[in-house]
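Colleague: Take 5 as the starting number for the sequence shown in the working numbering and just add one per residue.
Beta carbons are placed, not taken as given, at the ideal position from N, Cα and C, and that holds for glycine.
Below is a structure I'd like to ask you about.
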Amino acid sequence: MTAKPQRSAPARPQLPPVAKQAIYAGSFDPITNGHIDIVLRGLRIFDRILIAVLENPKKDPLFTTRERVAMIREIFSERPEVEIQSFHGLLVDFAEKNRTRIVIRGLRAISDFEYEFQMALMNRKQNPEVETFFMMPSLRYSFLSSNLVKEVFSLGGSVSDLVPRLVERNLRARLGGQSRGRIPKKAG
Ligand code: PNS
């Protein structure tokens with residue numbers, strides 16, 4: 005008599021075993037050169053990167069989801085291997101819907117680690133099929149964040165080597181020059 009194999013029926017459809025595509029998720033409010041650096045590094049490993057822009061009304065973003073997506077699309081318009089979509093709900097559900105098992109997150113400094121660690125483990129709990137892949141940006145972007153860009157710009161500082169020109173133009177249009185405008189909230 006042969007032993008019956010243990011049945012652990014997967015509740016979820018199987019994802020492809022080879023990760024050709026990775027999701028790079030974030031708020032991107034706005035996208036910075038640090039984010040772009042991560043995408044370009046990611047493309048050295050993955051054939052395709054799907055940038056997933058969080059629809060986050062709770063975070064009161066400076067740019068609407070549509071604006072953030074449009075900026076990123078424009079920036080990567082000559083890179084067909086980069087796709088941009090917005091998403092809401094759980095990131096792991098978005099990953100499953102797009103048949104992708106790798107989620108890229110950028111790690112800038114040790115201070116990022118705790119939050120990222122929690123998020124990665126929570127995502128794994130929600131769907132063990134999805135792995136988080138941490139990548140470090142170039143050292144020159146290791147201090148960079150969208151929030152700092154918004155704050156520095158709104159206070160009249162220069163962000164020209166921290167964001168693409170298109171983003172700088174949009175910051176100017178939204179914040180009305182470099183010396184006025186609201187100082188963005190911390191989250192985002
Ligand atoms: O750029 P951010 O704001 O640090 O990105 C955070 C993001 C979008 C990756 C995270 O908030 C997220 O995945 N949100 C979707 C909701 C979700 O899945 N939450 C559980 C993660 S523990």
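What distance in whole Å lies between the Cβ atoms of Thr69 and Leu166, which are believed to be in contact at a cut-off of 8 Å?
Modeller: Actually they are not in contact, since the Cβ atoms of Leu166 and Thr69 sit about 22 Å apart, beyond 8 Å.
Colleague: My output table needs one value for Arg109: the three-state DSSP class, helix, strand or coil.
Modeller: In the three-state reduction of the DSSP assignment, Arg109 falls in the strand class, which pools E and B.
Colleague: Can you tell me where the beta strand (DSSP E) with Ile55 in it begins and where it stops?
Modeller: 52 to 58
Colleague: How many Å lie between Arg105 and Ala99 at the Cα?
Modeller: 6 Å
Colleague: Which first and last residues belong to the alpha helix (DSSP H) in which Ser150 is found?
Modeller: 150 to 158
Colleague: Can you tell me whether Leu94 sits near the ligand PNS, meaning its C-beta is under 7 Å from at least one heavy atom of the ligand?
Modeller: yes
Colleague: Pair every Cβ in the stretch 73 to 92 with every Cβ in the stretch 111 to 130, then say whether three or more of these pairs are closer than 8 Å.
Modeller: no
Colleague: So Ser31 and Leu54 are supposed to be a Cβ contact under 8 Å. How far apart are they, rounded?
Modeller: Contact flag wrong, Cβ pair sits at about 16 Å.
Colleague: Give the secondary structure of Gly30 by DSSP, where H, G and I count as helix, E and B as strand, and everything else as coil.
Modeller: strand
Colleague: Hey, would you say Met139 sits closer than 8 Å to Gly46, going by beta carbons?
Modeller: Yes.
Colleague: Give me whichever residues DSSP pairs with Ser90 in a beta bridge.
Modeller: Val57
Colleague: Say the cut is 7 Å; is the CB of Ala74 nearer than that to a heavy atom of the ligand PNS?
Modeller: no
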